[in-house]
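Residue numbers (my numbering), protein chains in the order written: chain G, 179 to 375; chain Z, 1301 to 1790.
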Amino acid sequence: MSTSHQPPNEPLPEGVTLREHTYDGIQEYDQRLPNWWLFTFYGAILITLIYWFSWYDADVMRTDEASLEHAMQQIEAERLKSVGKLTDDAFWAMSKNQQLLAEGKAVYTTNCVVCHLPNLRGKEQGGIGESLANNTWLYGATPMDIYKVVMDGSPNKASGMQSWSGVLGPEKVSRVVAYVLSHHQADAQKQATLSSQ
Amino acid sequence: MAKNTPNLESVTTINRDGSRYFLFPADVDGKFALMRRIVGILLIGFYLLLPWIPVNGYPAVFLDIINRRFHLFGITIVAQDLWLLFFLITGVAFFLFYITAFLGRVWCGWACPQTVYLDQVYRRIERWIDGDAPARRKLADAPLSTNKVVRRVIKHGLYILSSTLIVHLFLSYFISIPQLWDWMRTSPAENWGAFLFVIASTLVLYGNFAWFREQLCLIICPYGRIQSALIDDHTVNVAYDEKRGEPRGKIHKGEATSTLGDCVDCHRCVQVCPTGIDIRQGLQLECIACTACIDACDDIMDKVNRPRGLIRYASSSALAGGKTRFIRPRTLLYTGLLLLGMGVCGVAVSGVKSVEATILRMVGMPYYVTTDTIRNQYQVRLINKTTEPVHFSIHAERGPAGMQFTGFDADQSLGAMAEETRTVIATVPRSNYQGPFEVEVEITLRETGLVIERSIDFLGPDPKLLQAHDSTPKQDDDHDEKKSDHAHGN
């Protein structure tokens, strides 16, 4: 767009020089880059050296694999924290807490009720899922056993009980297990454990 | 240091040894300076006030990254709708091209945050503390003195204050004002990420506006580099009327000036230029179309009783004596593409609903064959993007006789901003099963009557194989079912 106002034979401004080489009659100016630009360039080289050294020689920085491992452990730690320390006793205590039961019931009604029925009786009353109200437990009767089945799904893949850990997460699963346990007594449950073994 | 004279071969602000040549652009008053000040202050006010104005219960702009919900002028966009950003980003870039074809780099001079904040905030502070251009140059060249130190401390203090204000308000776009206020009153250690962000960004802004300034436009910003490709002879730019101005020359009292043009070679346009060019050498990539030279030249023309507009908004064609054509192949093509893009964007945005529903097959086997039914398991995922609870009713078209859905009749209410799943089981009696089929499901939002249509596949085994299996001797069949029944888990 800009029209040159400088005839080709007019002298160049003071300090501006042309490089000697010519390609197809085209010449280029020989001018300095701005110093601040050069500093960023040298800075980048310096950082590369520091980075290289700390990565490959000094063992200061974590490798990608190690930082992934670290991040995964952090997620796991957060998860465990949000669930609290799960034990059979903790589950029995949760099954007496009205607020946790209300949360558990809400999860039960939206996700489990379809197969296990509102009264938990399942197959006993024509439902699809196993009855959660009687004392027969196919994969272990302790609260932690039940928790494991809900989290990972039924060991019998043909049953249709999927793994819920991805859908609900450990916190909601623990609530819903507490809700199921609220229909049972700890002592009778221990009896059930014995009978299944 | 010797004064650098603008030329087409080199950049004025870079000395021959690569060091920086600092400019002291003179103040300018006039029609354009006033309009730019009004536009600039409105823009700054707009940006700074956005997070304070509530629309539908949220700030006008609240990009809630933590909860992955983006509130824009009353519309809530969730992470699933983020693909719409494509339209925003390409739209902004294309609109810049579009406007450039007509009006050149009008964005740079009037709306770019770099120019707006620099001219309306930082240069104003500088003018206020250090005085006009000659005074600033004098102060810069002066040796250290109490006066200089005091002025420098006040000026840079105000620069840092302005920078940190801008950064805080920028941060509030992402965390909202109440949250920002909360964080500001707690120890930096509690939100050290945000604290570091604010410190680093303040330093970057301060460095940019106090020291870097026009270097960003000249060397970092790519816009100037591509302007030659975006404009043509009919694009209106800030331009010097060479035909009228040349040959330039000073007015000498009593002399006949008829041989000279209108340019009195006063260098006022060069003195006011914030990027250090001489607009009389034609359009250059350094020009940010800030119009300072227009005001400066008009002022001089008034003083020497010559008509205004020796430097003005004009196209190359108009300067050559022709007409400026706004309708030309380039602008027609750009308009067509712009309308097309806006149309597609409109369709895409109107498809964004305040609630979302998807139906997916549950993890595990695709279907389950039991004693008398074939069963499919689904999960309905409901997302409510509004701040009110909503209620759904779900209706499915029936398949073969005896087909049953369990779960659709359940309570389908969803709290404000909630995202939940529901389990749905579909069963078909074995005797009526004729092979896999599709079912249309209508999910109706009770509040607005919005209907979301989804189709689900009901899967099952090849009906011929099933029949063949069913017709095998009864003994075997019973045995099989007992086995599978026994294996059923909880």
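Heads up, the beta-carbon is just placed ideally off N, CA and C, and yes, glycines get one too.
Start and end residues, alpha helix (DSSP H) containing residue i
| i | result |
| --- | --- |
| residue 330 (chain G) | 321-330 |
| residue 1748 (chain Z) | Taken as a continuous stretch (DSSP letters only), residue 1748 (chain Z) belongs to no alpha helix (DSSP H), as it is neither H nor E. |
| residue 1405 (chain Z) | Where residue 1405 (chain Z) is concerned, there is no enclosing alpha helix (DSSP H), given that its DSSP letter is neither H nor E. |
| residue 200 (chain G) | Where residue 200 (chain G) is concerned, there is no enclosing alpha helix (DSSP H), given that its DSSP letter is neither H nor E. |
| residue 1339 (chain Z) | 1331-1349 |
| residue 1571 (chain Z) | 1568-1572 |
| residue 1275 (chain Z) | Past the edges of chain Z, shown from 1301 to 1790, lies residue 1275 (chain Z), and the structure says nothing about it. |
| residue 1705 (chain Z) | First-last for residue 1705 (chain Z): 1704-1706, but that is the beta strand (DSSP E), not the alpha helix (DSSP H). |
| residue 1464 (chain Z) | 1446-1475 |
| residue 1316 (chain Z) | Taken as a continuous stretch (DSSP letters only), residue 1316 (chain Z) belongs to no alpha helix (DSSP H), as it is neither H nor E. |
Partners in chain G for residue i, counting only beta-carbon separations shorter than 7 Å
| i | result |
| --- | --- |
| residue 1720 (chain Z) | 288 |
| residue 1319 (chain Z) | 213 |
| residue 1725 (chain Z) | 292, 293, 306 |
| residue 1707 (chain Z) | 292 |
Start-to-end residues for the beta strand (DSSP E) that takes in residue i
| i | result |
| --- | --- |
| residue 1757 (chain Z) | 1751-1758 |
| residue 1363 (chain Z) | 1361-1364 |
| residue 1724 (chain Z) | 1719-1729 |
| residue 1680 (chain Z) | 1673-1684 |
| residue 1656 (chain Z) | 1655-1661 |
Chain-order list of residues whose beta-carbon lies under 6 Å from that of residue i (same chain, five-residue window excluded)
| i | result |
| --- | --- |
| residue 1458 (chain Z) | 1425 |
| residue 1464 (chain Z) | 1502 |
| residue 1781 (chain Z) | A caution first: residue 1781 (chain Z) carries a pLDDT of 43, below 50, which makes its placement in the model too unreliable to give a value. |
| residue 1703 (chain Z) | 1728 |
| residue 1668 (chain Z) | 1675 |
| residue 1740 (chain Z) | 1697, 1755 |
| residue 1314 (chain Z) | none |
| residue 1789 (chain Z) | For residue 1789 (chain Z), the pLDDT reaches just 40, beneath the cut-off of 50, and the residue's location in the model is therefore unreliable, although a value from the coordinates is still provided. Excluding positions up to five away in sequence, the list is empty. |
| residue 197 (chain G) | 206, 208 |
Pick from the options that is closest to residue i, judged by C-alpha positions
| i | options | result |
| --- | --- | --- |
| residue 1696 (chain Z) | Z:1309, Z:1659, Z:1353 | Z:1659 |
| residue 1517 (chain Z) | Z:1559, Z:1622, Z:1583, Z:1408 | Z:1408 |
| residue 341 (chain G) | G:327, G:354, G:353, G:198 | G:327 |
| residue 1527 (chain Z) | Z:1397, Z:1560, Z:1672 | Z:1397 |
| residue 358 (chain G) | G:217, G:287, G:331 | G:287 |
| residue 1474 (chain Z) | Z:1368, Z:1406, Z:1484 | Z:1368 |
| residue 282 (chain G) | G:199, G:197, G:353, G:366 | G:353 |
| residue 1764 (chain Z) | Z:1639, Z:1747, Z:1734, Z:1638 | Z:1734 |
| residue 1576 (chain Z) | Z:1448, Z:1325, Z:1320, Z:1758 | Z:1325 |
| residue 1597 (chain Z) | Z:1332, Z:1310, Z:1323, Z:1304 | Z:1332 |
| residue 1514 (chain Z) | Z:1442, Z:1323, Z:1769, Z:1717 | Z:1323 |
| residue 1802 (chain Z) | Z:1378, Z:1433, Z:1505, Z:1335 | This structure leaves residue 1802 (chain Z) out entirely; chain Z is present only between 1301 and 1790. |
| residue 1738 (chain Z) | Z:1720, Z:1745, Z:1749, Z:1757 | Z:1757 |
| residue 1523 (chain Z) | Z:1511, Z:1743, Z:1587 | Z:1587 |
| residue 1727 (chain Z) | Z:1707, Z:1746, Z:1721, Z:1389 | Z:1707 |
| residue 1680 (chain Z) | Z:1551, Z:1693, Z:1602 | Z:1693 |
| residue 1415 (chain Z) | Z:1444, Z:1521, Z:1311 | Z:1521 |
| residue 214 (chain G) | Z:1617, Z:1508, Z:1441, Z:1357 | Z:1508 |
Own chain, CB closer than 7 Å to residue i, minus 5 neighbours either side, in chain order
| i | result |
| --- | --- |
| residue 1296 (chain Z) | Any property of residue 1296 (chain Z) remains undetermined from this structure, which presents chain Z solely from 1301 to 1790. |
| residue 183 (chain G) | Only weak support exists for where residue 183 (chain G) lies, its pLDDT of 44 falling under 50; the value from the coordinates is given anyway. No residues qualify anywhere along the chain. |
| residue 1472 (chain Z) | 1351, 1480 |
Residues that residue i contacts on chain G, provided the C-beta gap is smaller than 8 Å
| i | result |
| --- | --- |
| residue 1662 (chain Z) | 338, 340 |
| residue 1675 (chain Z) | 306, 338 |
| residue 1679 (chain Z) | 345 |
| residue 1519 (chain Z) | 212, 215 |
| residue 1305 (chain Z) | 191 |
Closer than 8 Å at the beta carbon, the chain Z residues around residue i
| i | result |
| --- | --- |
| residue 335 (chain G) | 1664, 1665 |
| residue 207 (chain G) | 1309, 1310 |
| residue 331 (chain G) | 1663, 1664 |
Partners in chain G for residue i, counting only beta-carbon separations shorter than 9 Å
| i | result |
| --- | --- |
| residue 1668 (chain Z) | 306, 336, 337, 338 |
Close beta carbons around residue i, own chain, < 8 Å, minus the five adjacent residues each side
| i | result |
| --- | --- |
| residue 251 (chain G) | none |
| residue 1777 (chain Z) | Summary for residue 1777 (chain Z): the model assigns pLDDT 44, below 50, so the residue's position carries little reliability; its value from the coordinates is reported in the next sentence. Excluding residues within five positions, the ones whose Cβ falls inside 8 Å are 1769, 1770. |
| residue 1641 (chain Z) | 1387, 1390, 1391, 1394 |
Cutoff 7 Å: residue i Cβ touching any chain B Cβ
| i | result |
| --- | --- |
| residue 348 (chain G) | No chain B appears in this structure, whose protein chains are G and Z. |
Chain-ordered neighbours of residue i on chain Z, where CB pairs are closer than 7 Å
| i | result |
| --- | --- |
| residue 318 (chain G) | Within chain Z, no residue comes near residue 318 (chain G); the closest Cβ sits about 10 Å away, beyond 7 Å. |
| residue 193 (chain G) | 1316 |
| residue 190 (chain G) | 1309 |
Interface partners of residue i on chain Z, CB under 9 Å
| i | result |
| --- | --- |
| residue 359 (chain G) | By Cβ distance, chain Z contributes nothing, its closest Cβ being about 14 Å from residue 359 (chain G), past 9 Å. |
Quick test of the definition: if touching needs 3 or more C-beta pairs under 8 Å, does the segment 1564-1571 of chain Z touch the segment 1648-1662 of chain Z? Short answer: they don't touch.
If we count Cβ pairs, one from each stretch, closer than 8 Å, do we get three or more for the segment 1631-1643 of chain Z versus the segment 298-310 of chain G? Taking 8 Å as the limit for Cβ pairs, the verdict is that the segment 298-310 of chain G does not touch the segment 1631-1643 of chain Z.
Please confirm if the segment 1528-1536 of chain Z is in contact with the segment 1433-1441 of chain Z, defined as three or more CB-CB distances below 8 Å between the two stretches. Under the 8 Å Cβ criterion, the segment 1528-1536 of chain Z does not count as touching the segment 1433-1441 of chain Z, having fewer than three qualifying pairs.
Tell me, please, whether the segment 1416-1425 of chain Z touches the segment 1335-1352 of chain Z by the rule of three or more beta-carbon pairs shorter than 8 Å. Yes, the segment 1416-1425 of chain Z touches the segment 1335-1352 of chain Z.
Touching or not, the segment 1531-1551 of chain Z and the segment 1602-1621 of chain Z, by the rule of three or more beta carbon pairs under 8 Å? Touching, per the Cβ criterion.
Would you call the segment 1443-1450 of chain Z and the segment 1481-1499 of chain Z in contact, with 3 or more CB pairs under 8 Å? In short, these stretches do not touch, since the Cβ pair count stays below three.
Validate contact between the segment 1307-1323 of chain Z and the segment 205-213 of chain G using beta carbons, cut 8 Å, 3 pairs: Yes: the two stretches touch, three or more of their Cβ pairs being nearer than 8 Å.
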